[in-house]
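In the numbering used here, the protein residues as written are -17 to 276.
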């Protein structure tokens, strides 16, 4: 009977767990829809801003922006974007592994001389990096709480200042890019310095129209570059947020299915144990009756 009671307790416990995972799955699905809507809302502005910058790049503009300079590499900052919460499968561990492999593949010599620092965006990422002995120079974990454009803009300005001041000569961002609810693509983007844009021939031809620029082309170009950098960081965080919700929804879906399978197995075990207990009781009663007859 003690064994039957233990199995009943396990079944009840797993049912409670299944309720939690099922609820978390539904919450993540709702958050995923919201995250996708946010990405779609900024897409037109992001696309048009990029088109304007590309067209200006095709024109004869003096590129004197400090964000376009390619200084000698002495110190590198890796921005790792993850999540503040767990229960999303290998979402956080994968991005940490990818950032470390990116360092060893591209900045191995700088890493040996401790000239590679990390900026963590996500508490789980920060913990994972620290457990692996990585040097955390900065953290911006609060950005993931509400994903407000104003706060992300301030963080982007800080990154620009770190680059223009010469503290870091290269800033890369590693994150999970959203593909669909079940697939996240590990991505590394060079944030600063800006890479030279390859302008298509069609764009060059379309940009030869006689526009009047006020102020000058160079002034417009240089003022749009910081806006582009802010938008790039905002897009990355929205992308990572959507990927996080998709990963958590998938993980909770699998957990719910696993709990259902465990309950089925335990029900079978419980029924078998109960039948065995009943059989033993019948055998004991029969044996007692036979003993009384004798």
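Glycine is no exception: its CB is placed at the ideal position from the N, C-alpha and C atoms.
Asked	Found
Supposed close pair residue 28, residue 217 - CB separation, criterion 8 Å	6 Å
Candidates 31, 16, 256 and 213: closest to residue 132 by CA position	213
Proximity of residue 228 and residue 162 at Cβ, strictly below 8 Å	yes
Limits of the unbroken beta strand (DSSP E) element including residue 159	152 to 162
DSSP three-state assignment for residue 100, whether helix, strand or coil	strand
Same chain, Cβ closer than 7 Å to residue 10, neighbours up to 5 away in sequence not counted	227, 230, 231 and 234
Sufficient close CB pairs (3 or more, under 8 Å) joining the segment 97 to 113 to the segment 259 to 272	no
Residue 46 (DSSP reduced to helix, strand or coil)	coil
Cβ pair count under 8 Å reaching 3, the segment 152 to 161 against the segment 57 to 73	yes
Coil, strand or helix - residue 55 by DSSP	coil
Own chain residues within Cβ distance below 6 Å of residue 183, not counting five before or after	Note that residue 183 scores a pLDDT of 48, beneath 50, so its modelled location is shaky; the value from the coordinates is reported in the next line. The answer is none, since no qualifying residue turns up.
Segments assigned alpha helix (DSSP H), at least 4 residues, entirely inside the segment 89 to 142	90 to 94, 105 to 113 and 125 to 128
Buried or exposed (CB count within 10 angstroms, at least 16 for buried), residue 82	buried
The segment 234 to 246 touching the segment 78 to 95, judged by at least three CB pairs closer than 8 Å	no
Alpha-carbon spacing of residue 134 relative to residue 125, whole angstroms	6 Å
CB-CB length for residue 17 against residue 223, believed under 8 Å	5 Å
Alpha-carbon spacing of residue 34 relative to residue 87, whole angstroms	34 Å
Residue 71 versus 255, 225 and 246, residue with shortest Cα-Cα distance	225
Where residue 166 falls, given that 16 or more other Cβ within 10 Å makes a residue buried	buried
Rounded straight-line distance, which links the Cα of residue 176 to that of residue 146	12 Å
Coarse secondary structure for residue 174, derived from DSSP in three states	strand
Endpoints, alpha helix (DSSP H) assigned at residue 228	199 to 275
Residues near residue 252 in its chain [Cβ-Cβ closer than 6 Å; skip 5 each side]	-11
Reference residue 55; option with closest CA among 173, 148 and 201	148
Cβ-based burial, residue 271 [other Cβ within 10 Å; buried from 16]	exposed
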